[in-house]
Amino acid sequence: MHLVLKRSAIKHHRLAATLLLMALMVYHSALADEEAPWRYNPPSRAEHLATLDPKYALCSAGEQQSPINIEHAVLADLPPLQVRYFRGPATVRHNGHTLEVRTDLKGELRLGNKVYEFEQLHFHTPSGEQIQGQIYPLSAHLVHRDKKGTLAVIAIQFKKGKENSSLAQL
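For the sequence shown, the numbering used here gives the first residue as 3, with consecutive numbering after it.
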């Protein structure tokens, strides 16, 4: 599900995500030992996962997994997203195809009366999502999970510009 937010809410969420990045990026990173079976560039792009290994067969069976193209916005009367993240130590790990940031200080995302606990932050380059056909050079996914295991992900698209000092630390 994709949410349409008011501009002020989007700015608030970008600020929250930037603060999270700033808090998390000052810590250490480590390279993973295993090689990822896929990558974002040819010949093993993510949309070809189903052909790489039988355990990825579902990747070609659905219609709502990444990469997706969000073509039309739908106005909706939704409760505002409320995010709360904490400063503290984190681990940055390269898992073979992305940087993944985890922390023991579990922040949260609230959407109405639903609460999702922060699990991890990871990046896609280029972005896994498109907006009206535009591919962004980088996206960050803030992954949250509720007590039933349902995921809620905040995706932030980045445009090229001056260097982001928080991202540069990675």
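Positions of the beta carbon are idealized from the N, C-alpha and C atoms, including for glycine.
So residue i is in the beta strand (DSSP E); what residue range does that whole segment cover?
| i | result |
| --- | --- |
| S141 | L140 to R147 |
| T100 | Unbroken run through T100: none, as it is neither H nor E. |
| L83 | L83 to R86 |
| Q132 | E131 to I133 |
| L80 | From DSSP, L80 is part of no beta strand (DSSP E); its letter is neither H nor E. |
Can you tell which of the options has its C-alpha closest to the C-alpha of residue i?
| i | options | result |
| --- | --- | --- |
| V145 | K164, P128, K108 and Q136 | K108 |
| A92 | L101, N166 and G135 | L101 |
| N97 | E110, I156, G151 and L123 | L123 |
| K150 | K161, V94, Y118 and P82 | Y118 |
| I137 | R112, N71, D106 and K116 | N71 |
| E121 | D148, G130, S129 and P139 | D148 |
| L153 | P56, I133 and E110 | E110 |
| H74 | F88, Q132 and G163 | Q132 |
| H99 | G130, G90 and Q159 | G130 |
| Q134 | H126, R89, Q159 and T127 | Q159 |
| V94 | F125, F88, K57 and K116 | F125 |
| T105 | K116, N115 and R89 | R89 |
So, with DSSP's three-state summary, where would you put residue i?
| i | result |
| --- | --- |
| T75 | The amino acid occupying residue 75 in the given sequence is Ala; Thr does not appear at that position. It is coil, neither helix nor strand. |
| A154 | strand |
| K162 | coil |
| L60 | helix |
| L107 | coil |
| T93 | strand |
If we call anything under 8 Å between Cβ atoms a contact, is residue i one with residue j?
| i | j | result |
| --- | --- | --- |
| S141 | A157 | yes |
| L113 | L83 | yes |
| P139 | K164 | no |
Residue range of the alpha helix (DSSP H) that residue i falls in?
| i | result |
| --- | --- |
| A181 | For the chain, the structure presents residues 3 to 172; residue 181 sits outside this window and is missing. |
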